[in-house]
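Each remark here refers to the structure printed beneath this line.
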Amino acid sequence: MVKVSQVMHGGAVWIDPDAPLADIAERMERDDIGALPVGENDRLIGMVTDRDIVVRGFAEHADPLQLKARDVMSEPILYCTANEELEDAVRLMERRQVRRLPVIDEHRRMIGMLSLGDVAAAAPASLAAETLRSVSAHHP
Numbered sequence: 011m012v013k014v015s016q017v018m019h020g021g022a023v024w025i026d027p028d029a030p031l032a033d034i035a036e037r038m039e040r041d042d043i044g045a046l047p048v049g050e051n052d053r054l055i056g057m058v059t060d061r062d063i064v065v066r067g068f069a070e071h072a073d074p075l076q077l078k079a080r081d082v083m084s085e086p087i088l089y090c091t092a093n094e095e096l097e098d099a100v101r102l103m104e105r106r107q108v109r110r111l112p113v114i115d116e117h118r119r120m121i122g123m124l125s126l127g128d129v130a131a132a133a134p135a136s137l138a139a140e141t142l143r144s145v146s147a148h149h150p
């Protein structure tokens, strides 16, 4: 079976919970990514997605230029482990309808990210198609 570590992209880093939304958006654009994990005191505490910025940053009628990562991040954080079977991680993505999962090692340190794109590139076609359908389905 394929392990998450064989498919994920490594080198993911997190942002501080007090990072301003403008800085987060700029980094997402520069790095061509749609999500950034949020960490504090060496622990993963949330995730900020481009959707979080738009929906929570603007819909709450607050001044988005005054908001920080902690104001819009999704929690609790979902993650998978590097030694986990890819299919198990994919099932979590399907159940929770998420496109990205932080990957942690045996020491609970974040070592990478598993994205829907990673799954599409490396998983068997039937699993990739099923995952795409499930993750992209309209929320109930």
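When we follow the working numbering, the leftmost residue of the sequence shown carries the number 11, and every step to the right adds one.
All C-beta atoms in this analysis are idealised placements derived from N, C-alpha and C, irrespective of residue type, glycine included.
- Nearest Cα to Ala29 within the set Gly56, Ala147, Gln107 and Ser136: Gly56.
- Only residues of its own chain outside the window of five on either side were considered, and among them Gln107 have a CB closer than 8 Å to the CB of Ala147, listed in chain order.
- In this structure the segment 58–77 does not lie against the segment 114–123, because fewer than three pairs of beta carbons, one per stretch, are closer than 8 Å.
- In the DSSP annotation of this structure, the continuous segment of the alpha helix (DSSP H) that includes Val145 starts and ends at Ala135 to Ser146.
- Apart from sequence neighbours up to five positions away, the residues of its chain that approach Phe68 with a beta-carbon distance below 8 Å are Pro74, ordered along the chain.
- Distances from the CA of Arg105 to each of Ala132, Ala135, Ser84 and Glu140 were compared; the closest alpha carbon is that of Glu140.
- The beta carbons of Ala45 and Val65 sit no closer together than 8 Å.
- Look at the beta carbons and you see the segment 30–39 not touching the segment 85–94: under three pairs across the two are nearer than 8 Å.
- In its chain, beyond the 5 residues on either side, Ala45, Met123 and Ser125 have a beta carbon closer than 6 Å to the beta carbon of Arg110.
- Remark: C-beta atoms of Pro112 and Ala22 approach each other more closely than 8 Å.
- For the 8 Å CB-CB criterion, Ala133 and Leu102 do not form a contact.
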